[in-house]
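A.B. asks: Here you go, one structure.
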Amino acid sequence: MLDIKLIRENPAFVKERLAHKQFKQIEFVDEISVLDTERRRLQQELDTVLNQSNLAAKAIGGLMKEGKKEEAEAKKAEVGVMKEKEKELKEKLTAVEQQQSDIAIQLPNLPAAAVPAGNSPEQNEVVREGGIKPTLPADAVPHWDLIKKFDLIDFETGAKITGSGFPLYKGKGAKLQRALSSYFLDFNTAAGYTEYIPPYMVNADSAYGTGQIPDKEGQMYFMPADELYMIPTAEVPVTNIYRDVVLKESDLPIKMTAFSQCFRREAGSFGANVRGLNRVHQFEKVEIIQIAHPDKSHQLLDEMVAHVERLVQSLELPYRILRLCGGDMGFASAITYDFEVWSAAQQRWLEVSSVSNFESFQANRMKCRFKSEGGKTQVVHTLNGSSLALPRIVAALLENNQAGQGIHLPKVLHSYFGSPFID
RNA sequence: GGUGAGGUGGAUGAGUGGCUGAAAUCAACGGUUUGCUAAACCGUCGUACGGGUAAUAGCCUGUACCGAGGGUUCGAAUCCCUCCCUCACCGCCA
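Going by the working numbering, the first sequence opens with residue 18, and the numbers climb by one from there.
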């Protein structure tokens, strides 16, 4: 949610930034300004009437005590007239407020100054690359073939039990998931992140707080009987820990990490890009989240990017870091860095992490604030990133490390997996 | 799922339909006293949205808010209805 004061005071800037994000309905900015003016006018009018009837009600109380019955009755009649006016103004005000907020929640976050221009993934900026792309043997195959060969995941039975895109991990495939998530969590907690296990379903308030509603509502599984959403990422429940909370300045930054299953409908996806583990409806991910002081958030974002980079490096995977252009960023983000690992057999980059600073956008919606030393209350900044999403990491690990009889695992995983290779 | 109790400011906890935006205590903050700490004493101490003035500090002022939403009334924290949540016991259950 954008700050109404910013829209009021600097509409030109807001419009320019929205255009940078390739947002089409720039006219929303002017519509909000008009509604805001009207809203304030109505509130002023209503407050005046309410004030009069409050004063009259008090006067009646006094008159009753003094036994001046007739004067009291006369006053009552007066207030009766005001009630009509009050009702009318209240209805108008509520309607205008509703209209204003309906539009306001559709406005995405403004991109930060460093966000490159552009409207398609090709215009994302490569910040840096690392690792070495392996040269695979002539008979190298994509991960879905390796998965079959080593019997790691049974997609067909997963489809029978639930539907396509719900993998059934099995044997060493299941153990590898456990090894990776344990390793990621240990890596994060060693860096000062507190570990959480959050609920996997959330209510509408939480989904709204992090910006999934209304923007991504169709992407979430919804349980109508209980009005709950399956989480698309641990970001939603974990960030919402601090919804409607006023923190102390000394509490910041708050660093949290959580493993969760993630559920995404991915409606409309099809084709070769969704084969195997490239795109699934249920997957495992470890997330890192920070609640930060506004002055520190961009520095902390850099630290989070560096943190994820070390994690990817430790897996010995070739990777690159992208700074997303305005048109490719998420609804709630002010700036986003994507991590991609090289999938050698598919000859393509796979996104495994997205690290973003949401600045005050989520905090405004969630009413997450802190009291500064001076006693002033202001909203925090929120940040999060994957550290890491498992399926595509598995895909890259399998493909890049295939060597005839087995698949070699990076050193950091040996103790977690209980073996240096899969065979 | 059933029954009972309850939801009041950072915390504990009063509150008879008007004098209660809300007692009291604690915590917190500022100050006095003090060699330092403690104690004592004095003061401050909710949020949101408006309006005025002013330097985006501050000050003055209006409205709303005592779980949420409705209703009764000239007037509701207080009465009525619906819903939500918490706790306890029972039932069911990994």
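Here a beta-carbon is modelled for each residue, glycine too, at the ideal position from N, C-alpha and C.
Rounded to whole angstroms, what is the Cα-Cα separation between R327 and T174?
C.D. replies: For R327 and T174, the distance between alpha carbons rounds to 36 angstroms.
A.B. asks: Can you name the residues that DSSP bridges to N374?
C.D. replies: Answer is I352, L400.
A.B. asks: When the Cα of T155 is compared with those of A420, V132, Y213, which residue comes out closest?
C.D. replies: One detail in the question is off: residue 155 reads as Ala in this sequence, not Thr. Closest by alpha carbon: A420.
A.B. asks: Using the Cα positions of F438 and V262, report the straight-line distance between them to the nearest angstrom.
C.D. replies: Near 47 angstroms, if we compare the C-alpha coordinates of V262 and F438.
A.B. asks: Of all the beta strand (DSSP E) runs that stay within the bounds of the region 274-345, which reach a length of 3 or more residues?
C.D. replies: Here the runs fully enclosed are 299-309, 336-340.
A.B. asks: Do H160 and E416 come within 8 angstroms of each other at the CB atom, strictly closer than that value?
C.D. replies: Yes.
A.B. asks: List the whole-angstrom C-beta distance separating Y210 from I305, where the pair is believed to meet the contact cut-off of C-beta under 8 angstroms.
C.D. replies: Yes, Y210 and I305 are in contact; Cβ-Cβ is about 6 angstroms, under 8 angstroms.
A.B. asks: Which residue from D20, P427, K100, F183 puts its Cα closest to that of R292?
C.D. replies: When each option's Cα is compared against that of R292, the closest is F183.
A.B. asks: Which residues in the same chain have their Cβ closer than 7 angstroms to the Cβ of P151, if we skip the five residues on either side of it in sequence?
C.D. replies: Closer than 7 angstroms at Cβ, skipping near neighbours: A361, N417.
A.B. asks: Would the region 109-128 count as touching the region 341-355 if we require 3 or more Cβ pairs under 8 angstroms?
C.D. replies: As far as the Cβ criterion goes, the region 109-128 touches the region 341-355, which means the pair count is three or higher.
A.B. asks: Which word fits A207, buried or exposed, when buried means at least 16 other C-beta atoms lie within 10 angstroms of its C-beta?
C.D. replies: So A207 counts as exposed.
A.B. asks: What is the rounded straight-line gap between the Cα of H315 and the Cα of Q307?
C.D. replies: Rounded to the nearest angstrom, the two C-alpha atoms are 11 angstroms apart.
A.B. asks: Going by the DSSP bridge assignment, what does Y186 pair with across the sheet?
C.D. replies: Per DSSP, I170.
A.B. asks: Can M218 and M247 be called in contact, C-beta distance under 8 angstroms?
C.D. replies: It is a contact, given that the beta carbons lie within the stated cut-off.
A.B. asks: Please report the Cβ distance between A35 and I43, rounded to the nearest whole angstrom; I am assuming they are in contact, meaning their Cβ atoms lie under 8 angstroms.
C.D. replies: Looking at the sequence shown, residue 35 is not Ala but Leu. Indeed, because the Cβ distance is near 6 angstroms, the residues count as touching under 8 angstroms.
A.B. asks: Tell me whether the beta-carbon of P216 lies closer than 8 angstroms to the beta-carbon of I122.
C.D. replies: No, the Cβ-Cβ distance between P216 and I122 is not below 8 angstroms.
A.B. asks: Quick check on the burial criterion: 16 or more other C-beta atoms within 10 angstroms. Buried or exposed for N71?
C.D. replies: N71 is exposed by the Cβ-count criterion.
A.B. asks: Please return the same chain residues whose Cβ sits closer than 8 angstroms to the Cβ of M240, not counting the five positions on each side in sequence.
C.D. replies: M218, Y246, M247.
A.B. asks: Per DSSP, what kind of secondary structure is F204 in: helix, strand or coil?
C.D. replies: F204 falls in the helix class under three-state DSSP.
A.B. asks: Compare the beta carbon distance of K265 and F387 with 8 angstroms and say whether it is the shorter of the two.
C.D. replies: The answer is yes: Cβ separation under 8 angstroms.
A.B. asks: Beta carbon of V325, beta carbon of R409: below 8 angstroms?
C.D. replies: Contact flag unset, no.
A.B. asks: Please give the ranges of any beta strand (DSSP E) in the region 229-273, keeping only runs that are unbroken, at least 3 residues long and fully inside the region.
C.D. replies: Taking only runs of at least 3 residues, the beta strand (DSSP E) segments lying wholly in the region 229-273 are 245-247, 262-265.
A.B. asks: Do you know whose CA, among P249, T256, V98, P270, lies nearest F378's CA?
C.D. replies: The residue with the shortest Cα to Cα distance from F378 is T256.
A.B. asks: Could you tell me which of V51, T227, Q194, G226 sits nearest to A412, measuring between CA atoms?
C.D. replies: Looking at the Cα atoms, Q194 is the closest of the given residues.
A.B. asks: With DSSP as the reference, label S50 as helix, strand or coil.
C.D. replies: S50 falls in the helix class under three-state DSSP.
A.B. asks: Going by beta carbon distance, what residues of the same chain come within less than 8 angstroms of I170, once the five residues before and after it are set aside?
C.D. replies: Counting only Cβ-Cβ distances below 8 angstroms, and skipping sequence neighbours, we find I164, P184, L185, Y186, K187, G190, L294.
A.B. asks: Tell me which residue opens and which closes the beta strand (DSSP E) that I120 is part of.
C.D. replies: Taken as a continuous stretch (DSSP letters only), I120 belongs to no beta strand (DSSP E), being part of the alpha helix (DSSP H) at 86-121.
A.B. asks: Under the DSSP definition of a beta bridge, which residues are partnered with Y213?
C.D. replies: A275, per the DSSP bridge assignment.
A.B. asks: Determine the closest residue to G343 out of N27, R56, N136, F45, with distance taken between C-alpha atoms.
C.D. replies: Comparing Cα positions, the closest option is N136.
A.B. asks: Excluding the 5 residues preceding and the 5 following I424 in the sequence, name in chain order all residues of the same chain whose CB lies nearer than 8 angstroms to its CB.
C.D. replies: The answer, listed in chain order, is L163, F167, L414, L415, N418, F438, I439, D440.
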